[in-house]
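Numbering-wise (my numbering), the sequence shown opens with residue 1474 and increments by one.
Note that beta-carbon positions come from the ideal geometry of N, C-alpha and C, so glycine has one too.
Right, one structure below, let's go through it.
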Amino acid sequence: MIFDSIEAPIPALRQDVDLIPFEENGEQLVILRDPSGYGSEMLVFKPEVWGLLSLFDGFTSVKDIQQEIFKSTMVGITAEQILEIIRTLDQHFFLQSDRFARHRREEDERFTNETVRHCVHAGASYPEEPDELKAFMDGLFLRDQTEIPDKAPIGVICPHIDLRVGPSVYVPAFKALKKADFDTVIVLGTSHYSNDDLFILSHKQYRTELGALETDLELYNAFHEATGGQFTKIDTAHRQEHSIEFPVLFLNHLYDSGVKVLPILATSLESCIQENEQPMTVEKYRAFIEGMNKAVAKLGRKVAYVLSIDWSHIGIKFGDEEPAVNMLSNVRQSDYAQIEALERVDWEAFHSMLHANLNETKIDGYACISAFFDLVNPASGKLFKYEQWHEEERDSAVTYASMGFYKD
């Protein structure tokens, strides 16, 4: 039932939705968007409505808001005007209401019971029609002129930046991967929507408009057996996640069959950066490393790794006090210093750089990189490509790169 009370507290506006300012025909507007996908439609408001929404804190009623607005502006607003906004938000699942809780539970249960994880970003981040998508992917590889070492990597870093923004940076990583000899690729991506566990595996087959590769269920089961059930099997974190879907799209483009995939999301090891502790001192992390190595060895798997990470996140959108344009040059320098440390596989230097500034540029790939280094102990690394995406309308920027890592 949609909220419709004047005296009861209005359900709080969800904290995990995006507020995006934009301009249309000279008019300033605000988009409300749900990146987790429970609310599938975007809502557009005038900026003054946002001031009203900021009062939806879970404690304030319609009557309270009427009094607050009149006291601060001496302008009256009717209860029906406020209720109309509340109903629209609740109908589209932007409020932390009973209706939203029920909807989220139903969506999560539906996803949990499925064996296939269907693509959710086709038609938005990349073409949805298979022929158009294939042409899009073919074009990316045909245009790429990056020089790739003539040797097999044990793992690569690719971005998970939107494919409308930085698709060319993905390509060198997957060109390098084609030289690798493996039967399973572990895609280790940053989790954006869940912190349910430190690492979240999925048994589902990731399907895109280009097809689907088989999931390595033997490795999935062997890992859970080796770790004694320490890690969750609830994989709803994968439901809307792009950091696995995007690299899987490239794998589907390059491989028809014969390759298996194990999708894993990594959440946060930020405490290790802040407290200057090595990840292997974290019991759950150590269990993951030991369990995965044990499972791989037991099955005799030849594994390659794809780390799906972005680099720095700066500017107003990401909580900084100044716009990204003022920071881009310095961030490029710090990004390259970190990348150079990884190229020479100097984990201590990389970790120390992040601790020194407490990860002020908000690199989201620390857990993935750390796990990869502890799993395979690479001997060398190589930067393929680096870019910065400056989102001027939001005074923000994201940086991202592609790299390869080798045993010799």
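- Short of 8 angstroms from the beta carbon of Gly1684, and not among the five residues preceding or following it, lie these beta carbons of its own chain, in chain order: Asn1725, Asp1729.
- For Tyr1643, the closest of Tyr1679, Arg1578, Lys1536, Glu1860 by C-alpha to C-alpha distance is Glu1860.
- Gln1861 sits in a strand when the DSSP states are folded into three classes.
- Here Ile1746 is buried: its Cβ has 16 or more other Cβ atoms, across all protein chains shown, within 10 Å.
- Glu1794 sits in coil when the DSSP states are folded into three classes, being neither helix nor strand.
- Between the alpha carbons of Ala1840 and Glu1866 lies a gap of roughly 30 angstroms.
- The continuous beta strand (DSSP E) containing Thr1657 extends over residues 1657-1663.
- Proximity of the segment 1508-1520 to the segment 1709-1723 meets the contact definition, three or more beta-carbon pairs being nearer than 8 angstroms.
- A straight line joining the alpha-carbon of Ala1739 with that of Phe1495 spans about 32 angstroms.
- Here Asp1623 has Lys1652 as same chain residues with Cβ atoms under 8 angstroms from its own Cβ, once five neighbours each way along the sequence are excluded.
- Runs of the alpha helix (DSSP H) lying entirely within the segment 1482-1527 and spanning at least 4 residues, in chain order: 1520-1526.
- Inside the segment 1797-1870, DSSP marks whole beta strand (DSSP E) runs of 3 or more residues at positions 1853-1864, from first to last along the chain.
- The straight-line gap separating the alpha-carbon atoms of Asp1604 and Tyr1679 is approximately 19 angstroms.
- Taking 8 angstroms as the cut-off, the Cβ atoms of Phe1573 and Phe1566 count as close.
- Counting the other CB atoms within 10 Å of its CB gives Thr1834 a total of 16 or more, which places it among the buried residues.
- DSSP places Thr1681 in the uninterrupted beta strand (DSSP E) bounded by 1678-1681.
- Rounded to the nearest whole angstrom, the C-alpha separation of Asp1881 and Asp1837 is 27 angstroms.
- In the DSSP assignment, Pro1736 is bridged to Val1660.
- 8 angstroms or more divides the Cβ of Gln1569 from the Cβ of Pro1482.
- Per DSSP, the beta bridge partners of Ala1777 are Val1658.
- Of the candidates Ser1716, Ser1853, His1863, Tyr1873, Ser1853 places its Cα closest to the Cα of Ala1625.
- According to DSSP, Met1876 shares a beta bridge with Ile1630, Leu1856.
- Beta-bridge partners of Ala1552 (DSSP): none assigned.
- Under the 10 Å beta carbon count, Met1753 is surrounded by fewer than 16 other beta carbons and is classified as exposed.
- Straight across, the Cα-Cα distance linking Lys1648 with Phe1719 is about 15 angstroms.
- Its chain contains Ala1625, Lys1775 as the residues whose beta carbon lies nearer than 7 angstroms to that of Asp1654, once the 5 sequence neighbours on both sides are disregarded; these appear in chain order.
- Apart from sequence neighbours up to five positions away, the residues of its chain that approach Leu1722 with a beta-carbon distance below 6 angstroms are Thr1681, ordered along the chain.
- When C-beta atoms of the segment 1516-1532 are compared with those of the segment 1486-1505, three or more pairs fall below 8 angstroms, so the two segments count as touching.
- Between Ser1667 and Arg1590, the C-beta gap is not smaller than 8 angstroms, which leaves the two residues out of contact.
- Judged by their CB atoms, Ser1875 and Phe1791 are not nearer to each other than the 8 angstroms cut-off.
- Secondary structure at Phe1614: helix, using DSSP grouped into helix, strand and coil.
- Arg1590 sits in a strand when the DSSP states are folded into three classes.
- Taking every protein chain shown into account, the CB of Ser1807 has 16 or more other CB atoms within 10 angstroms, so this residue is buried.
- Residue pairing of Ala1595 in beta bridges, as defined by DSSP: Tyr1599.
- Membership of Leu1636 in any beta strand (DSSP E) is not indicated, and neither H nor E is assigned to it by DSSP.
- For Ile1634, the closest of Ser1598, Val1522, Leu1526 by C-alpha to C-alpha distance is Ser1598.
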